[in-house]
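K.L.:
I am attaching a structure below and will ask some questions about it afterwards.
Numbering (our numbering), first residue to last: 1479 to 2126.
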């Protein structure tokens, strides 16, 4: 039987089948081996650069180094914005095994607050997984010590130093210097759009207001970096390469800190604004907006409660009244109305006009009152400026017409940006036919023109516009651009401020300029002038023009009574002045909202400021800022009651 089976089996066929299976198996093994070898070649050779880079990223990090921000100083080198060195706790989230457990463990060690955690999580959303993200800023010495002895328990967490901005003079310079604060989403979008986001990879802060914002590119500097090797805990093992950061430039402002502080003290926290400028080059010597605010809390992020309190404060401390305060310029525009009318030939130096108590709009029964109930009698243009005769300028405005008024006052800078190196400024409104139709959907009336002639009606301007216009008058029509920057310094290289081209209004050699300036001099120095009793005793000779801006309109026969009017509805009081008269080095604009209070009166305050500038010895002996009441000085600062004049 066994023999029969052997005879039946086909050994040849079985041999062929075996060989066939062996060949197929070999081919499968060969094919798989080939695929494996090709994949190995692809990974080891073809993808070598890619995986080498990935490997380096695991062990070699590029750490950005923030540059030192440039200092801000006044014209005398006094530091107004400085840098202080602090410690921060930072984390690389990708190196932390359990993020939440780590945060919970760190809370008692470095006193983490909910605000710290919220800021950290927000930074994580915008940051990279293996980037160092600040967890807590401004660590105390105790917090640094506590973490240092426990650092081995926290892989991916470390302590580093950083610089923080500090403003030693706080509220006294907040509206000028401004402040820096944390970079937010809006800042990131702008930096990305400008293509400079990499230069802020190591920074917490960016300029937000004032000079800090306007000169951000100068102050910031250039970010450096370190190429370092790190271990699996994220700790630096060794430094491979370093490119040092380039510090920002130090900048010097035209401000005089001593004058700035003096004005702050004289104003006593009133709702007021004062700007003092050098008409020779447009440099701002003082810019005070009162009340103000402390910018230091904004650096680390002001609390919602604190910020809400500032926003709801009816005195508006966040507004820079010098560049953002909008007021009807009132009688301070009369010299410019006179200049415009003289150049247009509407009036001449010999033009005479009878200044009655009221002026009637031709063709109507509408009467416009003068501030002086008895009227002024016969007037020419010089006397009209000296006595601030409303009726004279009603007539001038009527004859000029709104079109010519708008053209000429635009030349003096009203209704336009002044060009000052601050982003926080308003253009105000110099009304025109087109403006009224666009805004109010109404045509222009002759009565509108009459109000504009004395700086009322639709016309609103800022104090910086007023002082710039006055500077043009002083300079015989040369319109300077006000500025705060004096120079910048990088290392030993000093770059002076580059003055923009000036504009010229009319003929600088025309006698008209002298006629109008003489009217302002008479206002302060002639017995009929509205400011005679206050200013004529100044040994350096003052020329000035005051103004009263109505907060609400009076009816035709209504009499204004300040004592019977709520404080917020009382008139604003202005003073514009320049000195010394023959060779002016100072032009000034001052406003006291609602007439001031607490013994602060516009006229005496303006005189005290000018005395402080030009008579420093007297200012030291009799300094109204250092006594409770200015009249306590040996040579008392006059008060409106003792002077017996009206601020017009």
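All C-beta atoms, glycine included, are put in the ideal place defined by N, C-alpha and C.
As the structure is a prediction and not an experimental result, all values here were calculated from the model.
(1) Please report the distance separating the alpha-carbon of residue 1481 from that of residue 1488.
(2) Could you tell me the distance, in whole angstroms, from the CA atom of residue 1811 to the CA atom of residue 1659?
(3) Could you tell me which of 1588, 2084, 1904 and 1627 sits nearest to residue 2016, measuring between CA atoms?
(4) Give the single residue among 1628, 1540 and 1733 whose Cα lies nearest to the Cα of residue 1436.
(5) How many Å lie between residue 1597 and residue 1613 at the Cα?
(6) Using 8 Å as the Cβ pair cut-off and three pairs as the minimum, do the stretch 1993–2002 and the stretch 1761–1772 touch?
(7) Hey, how far is the Cα of residue 1580 from the Cα of residue 1573?
(8) Could you spell out where the alpha helix (DSSP H) holding residue 1670 opens and where it closes?
(9) Buried or exposed: which applies to residue 2050, given that a residue is buried once 16 or more other Cβ atoms fall within 10 Å of its Cβ?
(10) Assuming the contact rule is C-beta atoms closer than 8 Å, residue 1937 and residue 1807 should be a hit. Round their C-beta distance to whole Å, please.
(11) Roughly how far, in whole angstroms, is the beta-carbon of residue 1451 from the beta-carbon of residue 1729, given that I think they are within contact range, below 8 Å?
(12) What separation, rounded to the nearest whole angstrom, lies between the Cα atoms of residue 1801 and residue 1945?
(13) Thinking just about the alpha-carbon of each residue, which of 1838, 1538 and 1816 is nearest to the one in residue 1716?
(14) Excluding sequence positions up to five away, which residues of its chain have a Cβ less than 6 Å from the Cβ of residue 1656?
(15) At 3 residues or longer, and completely inside the stretch 1729–1805: list those beta strand (DSSP E) runs for me, N to C.
(16) Confirm, please, whether the CB-CB distance from residue 1684 to residue 1665 is below 7 Å.
(17) Which whole-angstrom value is the C-beta distance of residue 1734 and residue 1552, which I expect to be below 8 Å?
(18) Starting from residue 1953, follow its DSSP beta bridges and name the residues at the other end.
(19) Using 8 Å for Cβ pairs, my map puts residue 2059 next to residue 2019. What's the rounded Cβ distance?
(20) Report, in whole angstroms, the separation of the C-beta atoms of residue 1998 and residue 1813, which I expect to be a contact under 8 Å.
(21) Taking the alpha carbon of residue 1651 as the reference point, which residue from 1736, 1912, 1898 and 1884 has its own alpha carbon closest?
(22) Is the separation between the beta-carbon of residue 1958 and that of residue 1927 shorter than 7 Å?
(23) Between residue 1576 and residue 1701, what straight-line distance do the alpha-carbon atoms span, to the nearest angstrom?
(24) Identify the residues that DSSP records as bridge partners of residue 1685: which are they?
(25) With DSSP run on the structure shown, which of helix, strand or coil describes residue 1495?
(26) Give the straight-line distance between the Cα atoms of residue 1697 and residue 1555, rounded to the nearest whole angstrom.
(27) In this structure, what does DSSP give as the bridge partners for residue 1700?
(28) For residue 1516, name the three-state secondary structure that DSSP assigns.
(29) What is the residue span of the beta strand (DSSP E) that residue 1977 lies within?
(30) Cα separation between residue 2024 and residue 2089?
(31) Measure from the alpha carbon of residue 1645 to the alpha carbon of each residue in 1558, 1591 and 1721, then state which is nearest.
(32) Measure how close the beta-carbons of residue 1878 and residue 1834 come, nearest whole angstrom, since I'm counting them as under 8 Å.
(33) Applying the 10 Å Cβ sphere with the 16-neighbour rule, what's the burial state of residue 1831?
(34) Nearest to residue 1899 by CA position, among 1963, 1986 and 1988, is which residue?
(35) In whole angstroms, what separates the C-alpha of residue 1887 from that of residue 1865?
(36) Taking the CB atoms as reference points, tell me whether residue 1931 and residue 1815 lie closer together than 7 Å.
P.N.:
Inspection of the coordinates gives the following:
(1) Within the chain shown, numbered from 1, the residue matching residue 1481 stands at position 3. Within the chain shown, numbered from 1, the residue matching residue 1488 stands at position 10. Here the model assigns residue 1481 a pLDDT of 48, short of 50, so the residue's position is not dependable and the matter cannot be decided.
(2) For the purposes of this step, residue 1811 is taken as residue 333 along the chain shown, with counting starting at 1. For the purposes of this step, residue 1659 is taken as residue 181 along the chain shown, with counting starting at 1. Distance between the alpha carbons of residue 1811 and residue 1659 is about 40 Å.
(3) What you label residue 2016 is simply residue 538 of the chain shown in a count that begins at 1. For the residues 1588, 2084, 1904 and 1627, the minimum Cα distance to residue 2016 belongs to 2084.
(4) Past the edges of the chain, shown from 1479 to 2126, lies residue 1436, and the structure says nothing about it.
(5) Locating residue 1597 in the chain shown gives position 119, where the first residue counts as 1. Locating residue 1613 in the chain shown gives position 135, where the first residue counts as 1. Using only the alpha carbons, I get a separation of about 8 Å.
(6) Not touching, per the Cβ criterion.
(7) By 1-based counting over the chain shown, the position of residue 1580 is 102. By 1-based counting over the chain shown, the position of residue 1573 is 95. If you take the alpha carbons of residue 1580 and residue 1573, they lie about 11 Å apart.
(8) On the chain shown, position 192 is the one that residue 1670 refers to. Residue 1670 -> alpha helix (DSSP H) spans 1663–1672.
(9) One-based indexing of the chain shown puts residue 2050 at position 572. Residue 2050 should be labelled buried.
(10) Here residue 1937 refers to the residue found at position 459 when the chain shown is read from its first residue. Here residue 1807 refers to the residue found at position 329 when the chain shown is read from its first residue. With 8 Å as the limit, residue 1937 and residue 1807 qualify as a contact, their Cβ atoms being about 6 Å apart.
(11) In this structure the chain extends from 1479 to 2126, so residue 1451 is not present and cannot be described.
(12) Along the chain shown, one-based indexing puts residue 1801 at 323. Along the chain shown, one-based indexing puts residue 1945 at 467. Those two C-alpha atoms are separated by around 11 Å.
(13) For the purposes of this step, residue 1716 is taken as the residue at position 238 of the chain shown. Minimum Cα distance to residue 1716 is reached at 1538.
(14) In the chain shown, counting from the first residue as 1, residue 1656 sits at position 178. These residues qualify, in order along the chain: 1687, 1688, 1689, 1690 and 1691.
(15) 1750–1755 and 1762–1768
(16) To locate residue 1665, count along the chain shown from 1; it is residue 187. To locate residue 1684, count along the chain shown from 1; it is residue 206. Yes, Cβ-Cβ distance for residue 1665 and residue 1684 is below 7 Å.
(17) For the purposes of this step, residue 1734 is taken as the residue at position 256 of the chain shown. For the purposes of this step, residue 1552 is taken as the residue at position 74 of the chain shown. Confirmed, Cβ separation roughly 6 Å.
(18) Along the chain shown, read from residue 1 onward, the residue named residue 1953 stands at position 475. Residue pairing for residue 1953: DSSP places it in no beta bridge.
(19) Numbered from 1 along the chain shown, position 581 holds the residue referred to as residue 2059. Numbered from 1 along the chain shown, position 541 holds the residue referred to as residue 2019. Correct: roughly 4 Å between the Cβ atoms.
(20) Looking up residue 1998 in the chain shown gives position 520. Looking up residue 1813 in the chain shown gives position 335. Yes, they are in contact, since the Cβ atoms of residue 1998 and residue 1813 sit about 6 Å apart, within 8 Å.
(21) Position 173 of the chain shown holds residue 1651. That would be 1736, whose Cα lies nearest to the Cα of residue 1651.
(22) Against the chain shown, residue 1958 aligns to sequence position 480. Against the chain shown, residue 1927 aligns to sequence position 449. No. Outside cutoff.
(23) As a position in the chain shown, residue 1576 is number 98, starting the count at 1. As a position in the chain shown, residue 1701 is number 223, starting the count at 1. In a straight line, the C-alpha of residue 1576 is about 32 Å away from that of residue 1701.
(24) In the chain shown, residue 1685 corresponds to position 207, counting from 1. 1658, per the DSSP bridge assignment.
(25) Looking up residue 1495 in the chain shown gives position 17. Looking at residue 1495 - three-state DSSP - the assignment turns out to be helix.
(26) Residue 1697 sits at position 219 when you count from the first residue of the chain shown. Residue 1555 sits at position 77 when you count from the first residue of the chain shown. Distance between the alpha carbons of residue 1697 and residue 1555: 16 Å.
(27) As a first step, residue 1700 is located in the chain shown; it is residue number 222 there, counting from the start. Paired residues: 1724.
(28) Taking the first residue of the chain shown as position 1, residue 1516 is located at position 38. The answer is helix: DSSP assigns residue 1516 an H, G or I state.
(29) Counting from one through the chain shown, the residue named residue 1977 turns up at place 499. From DSSP, residue 1977 is part of no beta strand (DSSP E); its letter is neither H nor E.
(30) For this step, residue 2024 is matched to residue 546 along the chain shown. For this step, residue 2089 is matched to residue 611 along the chain shown. Whole-angstrom Cα-Cα distance: 18 Å.
(31) Indexing the chain shown from 1 puts residue 1645 at position 167. In this structure, 1558 is the residue among 1558, 1591 and 1721 with its C-alpha nearest to the C-alpha of residue 1645.
(32) If you number the chain shown from 1, residue 1878 lands on position 400. If you number the chain shown from 1, residue 1834 lands on position 356. Contact doesn't hold; Cβ gap of about 20 Å is too wide.
(33) For this step, residue 1831 is matched to residue 353 along the chain shown. With 16 or more other Cβ atoms within 10 Å, it is buried.
(34) What you label residue 1899 is simply residue 421 of the chain shown in a count that begins at 1. Of 1963, 1986 and 1988, the residue nearest in Cα terms is 1963.
(35) Numbered from its first residue, the chain shown carries residue 1887 at position 409. Numbered from its first residue, the chain shown carries residue 1865 at position 387. Taking the straight line joining both Cα atoms gives about 22 Å.
(36) As a working mapping, residue 1931 is identified with position 453 in the chain shown. As a working mapping, residue 1815 is identified with position 337 in the chain shown. Yes, these two residues count as a Cβ contact at 7 Å.
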